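The structure under discussion appears below in the form of structure tokens.
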Amino acid sequence: MGKSKILIVDDEPVQLHMMEQVLRARGFEVIKAGNGHEAMRLFLENHPDLVILDVMMPEIDGFQFRKILLENDKYKDIPFVFLTSKSDEDDMLSEYALSITDS
């Protein structure tokens with residue numbers, strides 16, 4: 018069995034680079050994208066084992082990305098980790114409709 022593949026998505030290049038370095042150092046195969054459209058293409062091409070993505074991105078935000086994938090039974094069980102600085106209660110409640118748990 019090969020390395021686990023992780024798709025990381027962030028529109029901040031420094032954050033993306035830091036996450037990539039940490040994950041590669043721990044033996045993961047890393048696929049990275051700087052926006053939601055690129056992330057969707059890479060997701061469909063690579064079928065990652067885990068997705069780590071920023072919630073606030075241009076074009077397709079993290080919640081929209083997750084919602085699109087939940088519409089396909091083939092992808093709904095792939096784990097997601099959201100990165101966010103949001104703390105608004107309405108934003109957090111909207112996550113529960115996307116099968117998200119807060120840990």
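Residue numbering for the sequence shown follows this note's numbering, beginning at 18 and increasing consecutively. Glycine residues also receive a C-beta, built at the ideal position from the N, C-alpha and C atoms. All values derive from a computational prediction rather than experimental measurement.
1. Looking at the structure shown, is Ile85 part of a helix, part of a strand, or coil, going by DSSP?
2. Which term fits Lys93, buried or exposed, when burial requires 16 or more other beta carbons within 10 angstroms of its beta carbon?
3. Relative to the C-alpha of Ser21, which candidate in Pro96, Thr101 and Leu100 has its C-alpha closest?
4. Can you tell me the Cβ-Cβ gap for Asp78 and Gly53, rounded? I've got them flagged as a contact below 8 Å.
5. Could you tell me which uninterrupted beta strand (DSSP E) segments, each at least 3 residues in length, are contained entirely in the stretch 37-94, listed from first to last along the chain?
So, from the listed chains and residues:
1. Reading the sequence shown from its first residue, position 68 is the one you call residue 85. Looking at Ile85 - three-state DSSP - the assignment turns out to be helix.
2. On the sequence shown, residue 93 is found 76 positions in, with the first residue counted as 1. Exposed, since its Cβ has fewer than 16 Cβ neighbours within 10 Å.
3. Taking the first residue of the sequence shown as position 1, residue 21 is located at position 4. The shortest C-alpha separation from Ser21 is found at Pro96.
4. Residue 78 sits at position 61 when you count from the first residue of the sequence shown. Residue 53 sits at position 36 when you count from the first residue of the sequence shown. Right, their Cβ atoms sit about 7 Å apart.
5. 46-50 and 67-71
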